[in-house]
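Residue numbers (the working numbering): 50 to 369.
Here a beta-carbon is modelled for each residue, glycine too, at the ideal position from N, C-alpha and C.
Okay, structure first, notes after.
Listed below in structure tokens is the structure:
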């Protein structure tokens, strides 16, 4: 079988649209359509069914997709084995990252990894924190950056670091509304609150020698995107409950400051999770060790970072 047929089929299945696959992979739609028809004609069965604007694999398509991914993985393993014969770290690394704020560290880590191993290609997928790991397995990811402990014991979990949630606001907000001195004072402040799939995220805080506090303030902004919450906090719109690592750069730039600095959530682990496997490529072994070293020495790595920046608006409304 022509392997290009498998490749086009997987691309369309992942994108759930011939047009989307065409844009993403810069392939002509006519080429993708032709190759899908060629496969269906060869098997004498439909591989996709259209529902609205999306294509979904049929039962036969799902079964074929499983084998197609396996074939692609074997081909990649063969290429990796040849590269390793030349003592090279090379091939494609497929990495997932959970959490709406995964870009904060994941992007800079992957950039740094590529600088050290330029022959490795990256395929990065950002996942919903609620997405089952069984779905991830079907995507043939090498590893997943996960905020918190995994629930599936069949996965190997390497702890990279720990972090806590804390409260943060801009100096402008503190000047206008004052600094709370106890958690009880938060009831009179504006909250910027993250919306989880089934409820709003409460602010769970603890301090050494004090009782734990679990509260939900009056919210002036609720959203399921942490970057939006951070944006509103930098703009002086309220107090935000965010992971400490997510606001490092804004704190260094003086755009955000701690509120009730001694009160934090319990520490949560940042893990690299991967499935148990007999053969671990040199590429992935190098990646695991790199991740451990990166988190241990992150502050000394001079790599590009991005953050929310407050830009002054002149009276004429023109950005300068």
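Cβ-Cβ separation, residue j to residue i (assumed contact under 8 angstroms), whole Å
i: residue 336; j: residue 162; result: 7 angstroms
i: residue 213; j: residue 80; result: About 50 angstroms separates the two Cβ atoms, so there is no contact after all.
i: residue 297; j: residue 279; result: Actually they are not in contact, since the Cβ atoms of residue 297 and residue 279 sit about 11 angstroms apart, beyond 8 angstroms.
i: residue 64; j: residue 73; result: 6 angstroms
i: residue 211; j: residue 94; result: Not confirmed; about 50 angstroms, so no contact.
i: residue 113; j: residue 104; result: Going by Cβ atoms, the distance from residue 113 to residue 104 rounds to 14 angstroms, so no, they are not a contact pair.
i: residue 59; j: residue 118; result: 7 angstroms
i: residue 333; j: residue 191; result: 5 angstroms
i: residue 189; j: residue 306; result: Their Cβ separation, rounded to whole angstroms, is 43 angstroms, which puts residue 189 and residue 306 out of contact at 8 angstroms.
Other residues of its chain near residue i: CB distance less than 8 angstroms, five sequence neighbours each side excluded
i: residue 82; result: 67
Continuous alpha helix (DSSP H) stretch holding residue i: start and end
i: residue 280; result: 275-283
i: residue 301; result: 297-301
i: residue 68; result: 67-74
i: residue 87; result: 78-92
i: residue 293; result: It is not in any alpha helix (DSSP H) - residue 293 carries neither H nor E in the DSSP assignment.
i: residue 334; result: 331-345
i: residue 222; result: 220-226
i: residue 56; result: 52-64
Buried versus exposed call for residue i [16 or more other C-beta atoms within 10 Å across all chains shown]
i: residue 369; result: Low confidence applies here, because residue 369 scores a pLDDT of 49, under 50, leaving its location unreliable; read the following figure in that light. So residue 369 counts as exposed.
i: residue 110; result: buried
i: residue 246; result: exposed
i: residue 338; result: exposed
i: residue 194; result: buried
i: residue 116; result: exposed
i: residue 57; result: buried
Contact set for residue i: own chain, Cβ-Cβ below 6 angstroms, skip 5 residues either direction
i: residue 359; result: 283 and 304
i: residue 40; result: This structure cannot speak to residue 40, because the chain is shown only from 50 to 369.
i: residue 270; result: 241 and 281
i: residue 314; result: 213, 214 and 253
i: residue 322; result: 193, 195, 199, 204 and 206
i: residue 146; result: 155, 175 and 194
i: residue 122; result: 189
Same chain only: Cβ atoms within 7 angstroms of residue i, ignoring 5 sequence neighbours per side
i: residue 232; result: 254, 262, 264, 309 and 312
i: residue 54; result: 84, 87 and 88
i: residue 106; result: 62, 96, 97 and 114
i: residue 120; result: 55
i: residue 344; result: 209 and 210
i: residue 78; result: 67, 68 and 71
Residue range of the beta strand (DSSP E) that includes residue i
i: residue 306; result: 306-308
Closer than 7 angstroms: residue i CB and nearest the ligand SAM heavy atom
i: residue 305; result: The ligand SAM is not part of the structure shown, which contains no ligands of any sort.
Worksheet item: Would the segment 136-144 and the segment 166-173 be scored as touching if the rule is three or more Cβ pairs under 8 angstroms?
Response: yes
Item to complete: Give a yes or no on contact between the segment 272-291 and the segment 205-220, applying the rule of three or more CB pairs nearer than 8 angstroms.
Response: A contact exists between the segment 272-291 and the segment 205-220.
Practice prompt. Taking 8 angstroms as the threshold, find out whether the segment 287-305 comes into contact with the segment 241-248 through three or more Cβ pairs.
Written response: yes
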